[in-house]
Amino acid sequence: MSAKSVHGKGYNPAVGPSSTDPNQEKVSIPNTNNNNNTSPIQSPGTMKRQFNVASLIYEKNLYRSKHEINLSSLSYLFMQIVQYNLKTTRSLLKLERNLNNLGYSIGIKYLELTALRKNFANNISSSGKSNVAKRNTRLLEVLQYITQSIWLGLFERPADSLEKSAEKESQYMIIDNDPMMTKYISMPKDFESLNCEAFTAGIIEGILDVCYFRCEVSAHNAPQQNFPNRTVFLIKFDDAVISRDARLK
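Take 1 as the starting number for the sequence shown in the UniProt record's numbering and just add one per residue.
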């Protein structure tokens, strides 16, 4: 008997179904091992450089003795904010309210930041007693804290004076003879009644509200011969705040 070769189809798991006929042209399998393809796994050298950059961030000191920014940059940024509100707002009262709201959002955060910095500075000292920052519960104490510590942190100098209204017991005034925020801003004649220090008034109001001294703060122009930009920040406290402070005496 003569041997007879049988041709058919087989299955190669790597390729799939294929014919076993030697006369049939074979289909070449594309080479997937391309040397140009980059591996998703980073090289040890790249990972080491990234780790070193991340380590430098963690090694930086969280507390800095000086927290300063360029005055010209701050003035330019604030001028752009005022200019934008002048274009989008028709009423001067609405414009001052927008500046006040912007300052308010900063004030409620700045008090916490100031307390954090103070606690950090106190805790690095070698003292055995508690160095937690004191919470001001009296009306006059919190006002003095604003005119001294807060003003010093914001404008590098304390406020010029703190006065109590002779007419109303619930009103106090913080006076700044040369306010920094409007030092390089000149308003048109049509907007002479506008006081851009409403922004600073909002910061004061936000700080007092966080301290549970509910009030309204407004900025008023009070120029003098030597101080053309002199500003008075009028603080009107709630009657409940005045009553609470009277009980603490």
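Quick reminder that beta carbons are idealized off the backbone N, C-alpha and C, glycines included.
In the assembly as shown, D190 is an exposed residue. Its beta-carbon has fewer than 16 other beta-carbons within 10 Å. Within the stretch 156-194, complete beta strand (DSSP E) segments of at least 3 residues are found at 161-164 and 171-176, given in chain order. The C-beta distance from N136 to K183 rounds to 29 Å, too long to fall under 8 Å, and the pair is not in contact.
DSSP places F227 outside both helix and strand once states are collapsed to three, so it counts as coil. When beta bridges are read from the DSSP output, I235 appears opposite Y172 and V217. In the DSSP annotation of this structure, the continuous segment of the alpha helix (DSSP H) that includes I203 starts and ends at A198 to V210. Here Q148 has P158 as same chain residues with Cβ atoms under 7 Å from its own Cβ, once five neighbours each way along the sequence are excluded. Contact between C196 and V82 holds, with the beta-carbon distance rounding to 6 Å and staying under 8 Å. Per the coordinates, the alpha-carbon of A198 lies some 18 Å from the alpha-carbon of F227. Under the DSSP assignment, Q80 falls in the alpha helix (DSSP H) whose first and last residues are L71 to T88. With three or more CB-CB distances shorter than 8 Å, the stretch 201-215 counts as touching the stretch 227-246. The continuous alpha helix (DSSP H) containing L143 extends over residues L139 to Y145.
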